[in-house]
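Take the sequence shown: its position 146, counting from 1, is numbered 146 in UniProt numbering, and each next residue is one higher.
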Amino acid sequence: MRIILASSSPRRSDLLAQMGLKFEVIPSGQEEKVVENLPPHQLAVELALKKAESVAKRVQGCALIIGADTIVVKGDKVLGKPKDEDEAFQMLMELQGQVHEVITGLAVMEMPTRRCVTAYEKTLVEMAPLTRQDVEGYIRTGEPMDKAGAYGIQGLGGMLIKRIEGCYYNVVGLPIHRLWVILKEFEVEVFTERAV
1 MRIILASSSP
11 RRSDLLAQMG
21 LKFEVIPSGQ
31 EEKVVENLPP
41 HQLAVELALK
51 KAESVAKRVQ
61 GCALIIGADT
71 IVVKGDKVLG
81 KPKDEDEAFQ
91 MLMELQGQVH
101 EVITGLAVME
111 MPTRRCVTAY
121 EKTLVEMAPL
131 TRQDVEGYIR
141 TGEPMDKAGA
151 YGIQGLGGML
161 IKRIEGCYYN
171 VVGLPIHRLW
181 VILKEFEVEV
191 FTERAV
């Protein structure tokens, strides 16, 4: 079956490739707008579903479309991708020395039936105490600018993280165990349908 990743995230592409699946990328083009009054896990799932639905409108024939959206939650505040360096600085100063949640919503939609399975994964992340100079130096690398919460655990941002509780891949942007469980519901045999 044709598998489509509804995301332009290179990290998600890398993780899907790590699973060994043949897939293509069709970015959703959906803006990641925060929907007010939704609990964070529902927000992440809703954003993932919107991405899958956006791509579904453009797909002919049989396919499985994978939508994913990752958010960072500190208290009752949802942190998406920073719009500029000032916002990245504010986010990192808010997260430093604290524990926050990373939530990824998943939506896997089968075409043409439009049957959809959704789920989410939550990981607790403790960021080390950081100085203003630490944060400014990290921002100068450019790494924080396209990532929820303004850091990438799989890159230089990994040095900022003291510990995690839960799925590491979720923090990167695609909880591969949770996705594997969903794919099995659609009878995708990851170990036998591997890309060579």
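Ideal placement from N, C-alpha and C gives every residue a C-beta, glycine not left out.
Only a predicted model underlies this, so the values are computations on that prediction, with no experimental measurement involved.
Task: Helix, strand or coil at D76 according to DSSP, with G and I counted as helix - done: Correct three-state label for D76: coil.
Open item on the list: Given a cut-off of 8 angstroms on the beta-carbon distance, is the pair M1 and A48 in contact?
Closed with: No, the pair does not count as a contact, with Cβ atoms beyond the cut-off.
Task: Buried/exposed call for P129, threshold 16 Cβ in 10 Å - done: With fewer than 16 other Cβ atoms within 10 Å, it is exposed.
Open item on the list: Taking contact to mean 3 or more Cβ pairs, one atom from each stretch, closer than 8 angstroms, check whether the segment 146–153 and the segment 76–86 are in contact.
Closed with: Enough Cβ pairs lie closer than 8 angstroms, so yes.
Task: L124 classed as buried or exposed, judged by whether at least 16 other C-beta atoms fall within 10 angstroms - done: It counts as exposed.
TODO: Name the one or two DSSP bridge partners that R163 has.
DONE: Assignment of beta-bridge partners to R163 by DSSP yields E126.
Task: Integer-rounded CB distance, given that L174 should sit under 8 angstroms from L15 - done: By a beta-carbon distance limit of 8 angstroms, L15 contacts L174. Their separation comes to about 4 angstroms.
Open item on the list: I'd like the list of long-range same chain contacts for T192, defined as Cβ closer than 7 angstroms, with 5 residues on each side in sequence excluded.
Closed with: Taking T192 as the centre and dropping the five residues before and after it, the same chain places no C-beta closer than 7 angstroms to its C-beta.
Task: H100 vs K74 beta-carbon contact at 8 angstroms - done: Yes, they are a contact pair.
Task: Spatial distance of L95 from I3 (CA atoms) - done: Cα-Cα distance, rounded: 36 angstroms.
Open item on the list: Considering only DSSP beta bridges, list what H100 is partnered with.
Closed with: In the DSSP output, where bridge partners are listed per residue, H100 has V125.
- [ ] May I ask which residues mark the beginning and end of the alpha helix (DSSP H) holding L183?
- [x] If you look at L183, you'll find it in the alpha helix (DSSP H) that goes 176–185.
Open item on the list: Looking at the strands, I want to know which residues DSSP matches up with L49.
Closed with: Here L49 is not bridged, per DSSP, to any residue.
Task: Distance, D134 Cα to A119 Cα - done: Roughly 35 angstroms separates the two Cα atoms.
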